[in-house]
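Colleague: First the structure, then my questions, so here it is.
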Amino acid sequence: MKISGFVIHLKRAVSRQAQVEKLRAALPVQSRIIEAVDGLRLQQTNHAAIRVSGLFDPNYPFELRNGEIGAFLSHRACWQAILDEGLDAGLVLEDDVALDQDRFARALALACRADVSESYIRFPVIGREKHGRTVAVDGDMKLFEPRMVGLGAQAQLVGKNAARRLLSVTEKYDRPVDSLLQLRWMTHVPMLAV
């Protein structure tokens, strides 16, 4: 299986550079930095055509902040890179994630027991999801379908077909990336969590 890592990093966040290198060194796969879209430097007119209020049901009641727009576009850049590089999946991480190297390697191996090319597999920082159907188990770790997808998009394994569907569905968007991922009935992307 061909998997690469992508660490989303905002170029002007120089204080996080040491963390980015530490994170990349801890990953069990080759990785590269994806330059984050800087939400503070976005021109409103450039994104008005793709950011559409009230696009999906239920309605997202808040105005998107520039940082949320930048994060959404950064995740889309990772999904596109998965396809452009011909990967089976991409391990997408935000630059503030700290990993327990051994435990994460086990979690990734467990995630790879799923139909990786079709799935979006979350490694939530806080285990809030209520467990639905269990897919696989490794000791104290479970790969499962959450009853409701939790918020946060700090670390995830995104399969190539999941990336393709997400890119298609998000040509226009109306909410932050993690809120959109909760709309499984609209994305038709199998969501799993470890």
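Take any residue in the sequence shown, count from 1 to its spot, add 12: that is its number in this note's numbering. For each residue, glycine too, the CB sits at the ideal point set by N, CA and C. Small disclaimer: the values here were computed from a predicted structure and weren't measured.
So what does DSSP say about Phe18, is it helix, strand or coil?
Modeller: Translated into positions along the sequence shown, residue 18 becomes position 6. Strand, per DSSP.
Colleague: According to DSSP, is Lys172 helix, strand or coil?
Modeller: By one-based count along the sequence shown, residue 172 stands at place 160. Three-state result, Lys172: helix.
Colleague: Would you kindly work out how many angstroms separate the C-alpha atoms of Leu105 and Glu97, rounded to a whole number?
Modeller: For this step, residue 105 is matched to residue 93 along the sequence shown. For this step, residue 97 is matched to residue 85 along the sequence shown. For Leu105 and Glu97, the distance between alpha carbons rounds to 17 Å.
Colleague: DSSP state of Val189, grouped into three classes?
Modeller: Working through the sequence shown from its first residue, we reach residue 189 at position 177. Three-state DSSP puts Val189 in a helix.
Colleague: Distance check for Leu111 and Leu192, CA to CA, integer angstroms please.
Modeller: In the sequence shown, residue 192 corresponds to position 180, counting from 1. In the sequence shown, residue 111 corresponds to position 99, counting from 1. Distance between the alpha carbons of Leu192 and Leu111 is about 25 Å.
Colleague: Report yes or no: do three or more beta-carbon pairs, one from the segment 125-135 and one from the segment 167-174, lie closer than 8 Å?
Modeller: Enough Cβ pairs lie closer than 8 Å, so yes.
Colleague: Using the beta-carbon count (16 or more within 10 Å), is Pro188 buried or exposed?
Modeller: For this step, residue 188 is matched to residue 176 along the sequence shown. Under this definition Pro188 is a buried residue.
Colleague: For Lys23, which of helix, strand or coil comes out of DSSP?
Modeller: In the sequence shown, counting from the first residue as 1, residue 23 sits at position 11. Three-state result, Lys23: coil.
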